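Peer 1: Each residue of the sequence shown is one higher than the one before, starting from 83 at the first, in this note's numbering. Cβ coordinates follow ideal geometry from the N, Cα and C atoms, glycine included. Every value quoted in this text rests on a predicted model; they were computed, and no experiment measured them. The structure under discussion is supplied below as structure tokens; questions concerning it will follow.
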Amino acid sequence: MSRVCHECGYNVENPFYSASAVLRDTANNRLAFSDLEVNLCYSDFERVRTDLHPKAKEMEADLGIAIDGVTGACGGLTGSVQISSGVYDRHGQYQFLDRSVATQKLPKSARDLFANPRWLEPTGDGDWKKVQWATKLYKQLSKE
83 MSRVCHECGY
93 NVENPFYSAS
103 AVLRDTANNR
113 LAFSDLEVNL
123 CYSDFERVRT
133 DLHPKAKEME
143 ADLGIAIDGV
153 TGACGGLTGS
163 VQISSGVYDR
173 HGQYQFLDRS
183 VATQKLPKSA
193 RDLFANPRWL
203 EPTGDGDWKK
213 VQWATKLYKQ
223 LSKE
């Protein structure tokens, strides 16, 4: 079975991109990421390439989308990235997209990523932990 792009529904090929919602807490200088990630193919990534920020602090608001490149094991007749292999290499170079731009250019991904996010914070050792502060801040920002 192949990985598919969340926007267009086609199989992804290398490189492909992983997107998650991102929440910036500017008062305490920290970030949280949604536990849901969606895949983007190269074509859909190209629609937002020029809108990306290299740092989260450059986003216009405290809610956005974090995008990272990924390379996965390919197979099958099409050369698409396979789900079953479980071999992925994250590039570890997040780029950030304003939520307002994502809503226009990646509408399905933006809608689904912000539908009901659960928030995780990187621990610094490559692991993730659930964080309550992000849930509270997200509820507050969603009311504004």
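Mind checking which residues open and close the beta strand (DSSP E) that includes residue 97?
Peer 2: The continuous stretches of beta strand (DSSP E) do not include residue 97, and DSSP gives it neither H nor E.
Peer 1: If you follow the beta strand (DSSP E) that residue 193 is in, where does it begin and where does it stop?
Peer 2: Run containing residue 193: none in the beta strand (DSSP E); it sits in the alpha helix (DSSP H), 189–195.
Peer 1: How long is the line joining the alpha carbons of residue 209 and residue 179, rounded to whole angstroms?
Peer 2: 23 Å
Peer 1: Should residue 222 be labelled buried (16 or more other beta-carbon atoms within 10 Å of its own) or exposed?
Peer 2: exposed
Peer 1: Could you give the DSSP three-state label for residue 106: helix, strand or coil?
Peer 2: strand
Peer 1: Count the CB pairs spanning the stretch 132–142 and the stretch 89–102 that are closer than 8 Å, and state whether there are at least three.
Peer 2: no
Peer 1: Alpha carbon to alpha carbon, how far is residue 217 from residue 112? Give it in angstroms, no decimals.
Peer 2: 13 Å
Peer 1: Is there contact here, the stretch 124–132 with the stretch 196–207, by at least three beta-carbon pairs under 8 Å?
Peer 2: no
Peer 1: Hey, how far is the Cα of residue 147 from the Cα of residue 225?
Peer 2: 19 Å
Peer 1: So, for residue 182: in the same chain, excluding its five sequence neighbours on each side, which residues have a beta-carbon less than 8 Å away from its beta-carbon?
Peer 2: 142, 143
Peer 1: Under the three-state reduction of DSSP, which class applies to residue 85: helix, strand or coil?
Peer 2: coil
Peer 1: Which residues mark the beginning and the end of the beta strand (DSSP E) in which residue 122 is found?
Peer 2: 120–122
Peer 1: Leaving out the 5 sequence neighbours to the left and right, which residues in its chain are closer than 7 Å to residue 92 when beta-carbon positions are compared?
Peer 2: 86, 123
Peer 1: Counting only the same chain and skipping the five closest in sequence on each side, list residues whose C-beta sits under 6 Å from that of residue 192.
Peer 2: 184, 185
Peer 1: By the DSSP assignment, the alpha helix (DSSP H) with residue 222 in it spans what residues?
Peer 2: From DSSP, the alpha helix (DSSP H) with residue 222 extends over 214–225.
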